[in-house]
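Q: Every letter in the sequence shown is one number past the one before it in my numbering, and letter 126, counting from 1, is 197. In this text, a Cβ means the ideal position worked out from N, Cα and C, and glycines have one as well. Starting off with a structure, shown below.
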Amino acid sequence: MRKTAEPLNMDGLSNLNAQVLNFTFRKKPRARPFLIGGLGMAIGSILTPLLAAPILGLVGFGAAGPVAGTMAAAIQSGMGSIAAGSPFALAQSIAMGGAAVPLAGVAAGGGILSGISFAIAKLFGA
């Protein structure tokens with residue numbers, strides 16, 4: 072005999088989420104890497120805009136322009152005149168705080184972390 076469904080409240084919704092995750096992780100082990108990959112995509116998409124400027128700073132994109140003696144300066148010297156809207160100009164603008172990370176960059180960051188987390192999950196049998 073089936074139980075009748077109770078109306079969902081916030082406690083019921085939390086319980087439902089817990090039941091779904093419990094079922095997925097215990098009863099469907101082949102789904103685990105995909106869930107972990109999806110979580111990696113969400114985390115990567117959130118972290119990409121936050122970490123873009125500091126990472127560009129490590130490469131040599133500074134608040135006042137490319138820092139002398141860094142990889143960014145070497146790239147700029149090899150390119151000559153930098154066109155507005157070029158990937159180099161966009162990277163410099165992000166490092167200076169003038170531009171946001173484009174949606175394609177956020178998607179790429181999410182995809183990279185998703186792939187890494189999926190591969191690690193498969194490798195370690197999560």
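Report all residues from its chain with a CB closer than 7 Å to the CB of M150; omit the five preceding and five following residues, and keep chain order.
A: Within the same chain, M150 has close Cβ partners F159.
Q: How many whole angstroms separate the CB atoms of L127 and I165, which I take to be in contact at a CB cut-off of 8 Å?
A: Going by Cβ atoms, the distance from L127 to I165 rounds to 6 Å, so yes, they are a contact pair.
Q: Consult DSSP for P173 and reduce its assignment to one of helix, strand or coil.
A: Reduced to three states, the DSSP call for P173 is coil.
Q: Classify F195 as helix, strand or coil using the three-state DSSP reduction.
A: In this structure, F195 counts as coil in the three-state DSSP scheme.
Q: Give the single residue among A113, A175, A89 whose Cα lies nearest to the Cα of S188.
A: The shortest Cα separation from S188 among A113, A175, A89 belongs to A113.
Q: Work out the CA separation of G133 and A175 for me, nearest whole Å.
A: When rounded, the distance between both Cα atoms is 22 Å.
Q: In whole angstroms, what separates the C-alpha of G181 from that of G108?
A: Taking the straight line from one Cα to the other gives about 10 Å.
Q: For the stretch 122–188, which segments carrying the alpha helix (DSSP H) assignment without a break, of at least 4 residues, lie completely within its bounds, in sequence order?
A: Listed in chain order, the complete alpha helix (DSSP H) runs (minimum 4 residues) inside the stretch 122–188 are 142–150, 158–167.
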